[in-house]
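Each remark here refers to the structure printed beneath this line.
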Amino acid sequence: MQLEITATLLDGRALARELTADLTRRAESLREAGNAPRLVVEMVGEDESSLAYARSLLKLGAKIGIEVDLEQMSADAAEERVQRRLQVLGEDPSIHGVLLHQPLPRHLRIERIAPSIPERKDVDATNPANQGRLAYGHDPLFVPATPQAVMLLLEASPAWPVRGKRAVVVGRSVVVGLPVSLLLLAADATVTTCHIATTDLARHTREAEVLVVAAGVPGLITAQMVSPGVTVVDVGTTVVNGVLKGDVAYEEVARVAGAITPVPGGVGPVTNVALMRNVIAAAERS
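Residue numbers for the sequence shown follow the numbering used here, beginning at 285 and rising by one.
Put into structure tokens, the structure is as follows:
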């Protein structure tokens, strides 16, 4: 007999609506003060999925009241050209946020270009200086959008506060896994970070009271790998046979977990709003 789903659904779409309403009010106040918030998305190349993402930012920006400009460079743009353009955007006082969209073409290395993103406009915290501030754990200028979305969902979950709780993060990428681990540490969780070289992954995940999965492996986490009552945040987004799948086997894990995010409809909707949250904060600081 199959158990029924008992986990609390951590609804990213509902949370995104709440956050959007607040940002809309703040954007209106900025415009009334003559400081209309503005984001520039810098893209190198014309990847269709990247264009779709940029269009989603344009749509959300219009809804909130943030001007979003999309700039495209040719896929063969030289490193120096990209660096210089980012520096010029940093010098424009009418621009509050600069997002260098990734992935970049193969000939460009993000670690060489990221330092050119202006620190006070680096709304996805890609500049190493902003990543360093995050590592210090106190008042970073910006929290990257996806890790911020993870934390916002946890704050809305039964697991919050996470102080003293055992948190396990599966994945150590600079974009998601590492900053999530740092944010959980800053919230006083006891954090274990697992990765491709981790042996006996299930032993670690079964110890988790909070489990964040950002491995990019569809269905990696099964019901046998979690403990009853765990709060699960699934950051995975992989298209399998035309269907978006997470890193967690949702149907079975939701019968064991205490709370869980769906894919789609979990982290994704909150991520774009978190980015816009950073743009508003940058405008308010300017």
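Positions of the beta carbon are idealized from the N, C-alpha and C atoms, including for glycine.
Alpha-carbon to alpha-carbon, residue j and residue i
i	j	result
residue 401	residue 318	25 angstroms
residue 377	residue 479	41 angstroms
residue 526	residue 470	38 angstroms
residue 552	residue 538	19 angstroms
residue 364	residue 546	41 angstroms
residue 298	residue 549	9 angstroms
residue 485	residue 394	30 angstroms
residue 466	residue 418	7 angstroms
residue 305	residue 437	17 angstroms
residue 459	residue 554	16 angstroms
residue 367	residue 434	30 angstroms
residue 564	residue 344	13 angstroms
residue 315	residue 513	45 angstroms
residue 352	residue 559	12 angstroms
residue 569	residue 491	41 angstroms
Cβ neighbours of residue i in the same chain (closer than 8 angstroms, five flanking residues each side left out)
i	result
residue 443	449, 493, 494, 515, 542 and 543
residue 292	441, 442, 542, 543 and 544
residue 382	323, 324, 326, 370, 373, 374, 401, 402, 405, 406 and 407
residue 520	497, 498, 499, 500, 501, 502, 504, 529, 530, 531, 532 and 547
residue 312	349
Where residue i falls, given that 16 or more other Cβ within 10 Å makes a residue buried
i	result
residue 529	buried
residue 385	buried
residue 358	exposed
residue 290	exposed
residue 422	exposed
residue 408	buried
residue 472	exposed
residue 447	exposed
residue 420	exposed
residue 562	buried
residue 285	Residue confidence for residue 285 is low, a pLDDT of 46 falling below 50, so the modelled location carries little weight; the figure read from the coordinates is stated next. With fewer than 16 other Cβ atoms within 10 Å, it is exposed.
residue 309	exposed
residue 518	buried
residue 461	buried
Interface flag, residue i vs chain C, CB-CB below 9 angstroms
i	result
residue 488	Chain labels in this structure do not include chain C; a single protein chain is all it has.
Residues near residue i in its chain [Cβ-Cβ closer than 6 angstroms; skip 5 each side]
i	result
residue 354	325 and 338
Limits of the unbroken alpha helix (DSSP H) element including residue i
i	result
residue 323	Where residue 323 is concerned, there is no enclosing alpha helix (DSSP H), although the beta strand (DSSP E) it sits in stretches over 322-328.
residue 300	296-316
residue 348	332-348
residue 431	429-439
residue 368	363-375
Contacts around residue i, its chain only, beta-carbon distance under 7 angstroms, and the 5 residues preceding and following it disregarded
i	result
residue 379	322, 324, 373 and 405
residue 488	452, 476, 478 and 482
residue 396	363
For residue i, the first and last residue of its enclosing beta strand (DSSP E)
i	result
residue 252	Lying before the first or after the last residue shown, residue 252 is absent from the chain, which here runs from 285 to 570.
residue 451	450-454
Pick out the complete alpha helix (DSSP H) segments inside the segment 383-425, 4 residues or longer, and give them in chain order. 394-397 and 412-420
Could you tell me which uninterrupted alpha helix (DSSP H) segments, each at least 4 residues in length, are contained entirely in the segment 461-518, listed from first to last along the chain? 461-470 and 485-489
Those runs of the alpha helix (DSSP H) which lie wholly inside the segment 511-555 and span at least 4 residues: 534-537
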